[in-house]
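Data first, discussion second: the structure below is written as structure tokens.
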């Protein structure tokens with residue numbers, strides 16, 4: 002590859018970085034959606050709990066009556082009803098009937114012996130409150146005290162423990178003579194069904210709107226804050242996917258109807274809304290095929306992030322009973338589990354996984370990785386197998402690129418003669434070189450275009466390995482027992498040969514004393530460079546010389562699975578390029594290029610000492 006091709010590659014890479022940074026710093030403004038139905042006023046409470054829809058529009062006028070919600074007490078010590086399934090543990094607080102304590106029995110926080118299970122929901126009063134809350138917004142004929150909300154003291158009507166085959170029912174009678182019931186069921190995985198019913202035992206016609214809320218106090222403590230991963234609100238509304246990061250929610254506009262910073266969408270048919278983290282998700286799923294209002298809110302005063310699903314207002318004549326069932330997903334973002342829920346009717350639920358911009362590539366790439374994992378049973382070898390398959394698919398592009406490079410190498414002596422002949426006349430040099438390319442039937446850009454076409458594919462592969470839940474606590478061999486965490490080995494103890502522990506991950510010592518995988522990554526990049534002589538330009542030569550070792554330390558703290566992918570990709574690329582270039586009559590002098598690099602360094606050191 003001559004200087005022009007190298008400059009083109011560098012310029013293309015820099016352009017990509019500039020565009021990426023621009024979109025990160027100055028994202029396009031999102032359309033502000035107007036609330037069209039459902040409760041149109043929100044009252045915040047004085048205590049430490051989520052905001053709740055406080056009023057529903059009148060059935061005839063669309064107006065509302067609002068009233069202040071009562072103060073909220075902590076729910077850690079409130080009366081509770083246990084949750085116990087094969088995969089879930091926890092409890093429901095009878096204060097508000099909240100699902101606010103949920104533990105995943107299949108997953109531990111770390112691989113250390115005695116590590117606690119992952120807890121994704123926590124009650125108010127714990128360090129990171131995060132819970133699901135249901136209630137009714139009052140309409141005509143009702144006040145806030147006549148409907149259940151955040152602080153309602155529910156009674157157990159049936160059931161002792163919520164299990165897969167044992168739903169529970171809560172009951173509350175309002176001062177207005179209405180009887181509210183809430184029946185909660187759960188399947189064998191992570192899906193709850195919440196049936197809210199109301200019986201009008203009063204003598205007048207009343208109306209109310211059922212709602213569900215997911216509230217999170219503060220940002221998650223283990224948030225990654227990495228541009229390649231979305232964490233925050235994720236929603237589907239009539240086929241449109243919306244993602245709002247936690248950091249973006251405080252910048253949402255004040256919605257006058259909601260009385261808070263909010264983005265509101267009226268869903269006409271299918272949708273859902275919730276919060277997604279790296280590996281876990283909590284999502285409200287109203288009945289598909291029916292309209293509802295969804296909202297993402299942020300309470301600045303109390304630092305509470307909130308998603309809502311508000312269902313249409315129900316009007317009940319005296320003696321009438323109505324009910325509505327919604328679903329709540331709270332658990333791990335397992336690909337097969339989420340896909341099964343989509344097959345069961347949750348529209349586009351698979352898009353709750355962060356597929357990114359190149360979703361048309363990441364989805365099939367992940368499917369291939371998933372199938373390899375099912376076949377091989379080891380995620381490390383599956384990553385290597387996936388990289389081999391993708392490199393094989395892209396081989397025709399790589400072949401064309403490396404053949405072009407080989408031809409350019411053959412022309413290198415002629416190009417050097419043209420440079421000497423043209424001197425400082427750049428225009429004449431360009432004309433002479435274009436004539437040479439035409440004579441030899443060589444296109445300088447043909448070596449770069451195939452490489453550029455591969456960029457989205459390899460970025461998608463990188464994205465898949467980063468976000469895939471299946472990499473969490475996935476073992477490879479030996480010390481590599483969790484491919485979602487950095488390399489546990491270290492130069493500090495000679496990769497485990499010396500009898501002392503490696504530095505703690507994330508520390509300065511861990512960055513300096515890198516593991517075996519980052520070291521292999523640096524070596525593989527360095528060897529790939531040595532297929533070609535060092536560039537003549539001093540600046541380019543310095544950049545290329547330092548690049549492998551800078552990347553070695555930069556990427557050393559990344560997930561082991563990602564580093565395995567990079568090492569495999571570099572090794573295959575080196576092998577392909579070497580064999581293809583030899584097949585075209587150009588023999589890369591790898592050892593010669595390595596020796597010349599050391600000779601130049603020794604000469605430079607000698608000159609420096611002489612001065």
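In my numbering, the protein residues as written are 2 to 612.
Here a beta-carbon is modelled for each residue, glycine too, at the ideal position from N, C-alpha and C.
None of these values were measured; they are calculated from a predicted model.
query                                                                                                                                                                      : result
What is the DSSP secondary structure of residue 592, reduced to helix, strand or coil?                                                                                     : helix
Quick one: what's residue 282 bridged to in DSSP?                                                                                                                          : 277, 332
Return the chain-ordered list of same chain residues with a C-beta closer than 6 Å to the C-beta of residue 399, the five sequence neighbours on each side being excluded. : 577
Is the separation between the beta-carbon of residue 423 and that of residue 412 shorter than 8 Å?                                                                         : no
Do the region 357–365 and the region 451–461 touch if we need at least three Cβ pairs shorter than 8 Å?                                                                    : yes
What do you get for residue 123, buried or exposed, if any count of 16 or more other CB atoms within 10 angstroms of its CB means buried?                                  : buried
With a CB to CB cut of under 6 Å and the five nearest residues on each side skipped, what residues in its chain are close to residue 525?                                  : 568, 571, 572
Name the two residues that bound the continuous alpha helix (DSSP H) containing residue 539.                                                                               : 539–555
Which runs of the alpha helix (DSSP H) spanning at least 4 residues fall entirely within the region 99–138, listed in chain order?                                         : none
Straight-line CA distance for residue 378 to residue 367?                                                                                                                  : 15 Å
For residue 210, which of helix, strand or coil comes out of DSSP?                                                                                                         : strand
I need the boundaries of the beta strand (DSSP E) containing residue 298, first residue and last residue.                                                                  : 293–300
Got a sec? Which residues, its chain only, sit under 7 Å from residue 619 by beta carbon, not counting five neighbours each side?                                          : Look at the range of the chain in this structure, 2 to 612, and you will see that residue 619 is not part of it.
Are the CB atoms of residue 380 and residue 472 nearer to each other than 8 Å?                                                                                             : yes
When you compare only the Cα positions, how much space is there between residue 338 and residue 247?                                                                       : 26 Å
Quick check on DSSP: helix, strand or coil for residue 578?                                                                                                                : helix
Assess contact between the region 582–590 and the region 504–517, defined as three or more Cβ pairs (one per stretch) separated by less than 8 Å. Is contact present?      : no
Output yes or no for whether 8 Å exceeds the beta carbon distance between residue 312 and residue 325.                                                                     : yes
Apart from the five residues on each side of it in sequence, which residues of its chain come closer than 7 Å, Cβ to Cβ, to residue 492?                                   : 514, 515
Please name the residue, chosen from 455, 456, 417, that lies closest to residue 437 on a Cα-to-Cα basis.                                                                  : 417
If you reduce the DSSP assignment to three classes, tell me which class residue 27 lands in.                                                                               : A caution first: residue 27 carries a pLDDT of 42, below 50, which makes its placement in the model unreliable, though a value can still be read off. It is coil, neither helix nor strand.
Note down the Cα distance separating residue 98 from residue 487, rounded to an integer number of angstroms.                                                               : 41 Å
How is residue 483 classed by DSSP in three states: helix, strand or coil?                                                                                                 : coil
Identify whether residue 428 lies in helix, strand or coil by the three-state DSSP scheme.                                                                                 : helix
Given that a residue counts as buried once 16 or more other Cβ atoms are within 10 Å of its Cβ, and exposed if not, what is residue 275?                                   : buried
Along the chain, where does the beta strand (DSSP E) containing residue 477 start, and where does it finish?                                                               : From DSSP, residue 477 is part of no beta strand (DSSP E); its letter is neither H nor E.
Residue 48 to residue 552, Cα distance in whole Å?                                                                                                                         : Annotation note: pLDDT 46 at residue 48 (below 50); position unreliable, coordinate value reported separately. Rounded to the nearest angstrom, the two C-alpha atoms are 49 Å apart.
Output needed for residue 161: all residues of its chain with C-beta closer than 7 Å, excluding positions within five of it in sequence on either side, in chain order.    : none
If you follow the alpha helix (DSSP H) that residue 232 is in, where does it begin and where does it stop?                                                                 : Segment: none, residue 232 is in no alpha helix (DSSP H) and carries neither H nor E.
With DSSP collapsed to three states, give me the class of residue 523.                                                                                                     : helix
Does the distance from the CB of residue 545 to the CB of residue 530 come in under 8 Å?                                                                                   : yes
Check whether the Cβ atoms of residue 188 and residue 165 sit closer than 8 Å, and answer yes or no.                                                                       : yes
For residue 517, I'd like the list of residues in its chain whose CB is within less than 6 Å of its CB, leaving aside the five on either flank, ordered along the chain.   : 490, 496
Under 8 Å, with one C-beta from each stretch per pair, do the region 145–158 and the region 169–185 reach the 3-pair mark?                                                 : yes
Please state whether DSSP places residue 200 in a helix, a strand or coil.                                                                                                 : strand
Grab the span of the alpha helix (DSSP H) containing residue 404 for me, first residue to last.                                                                            : 396–411
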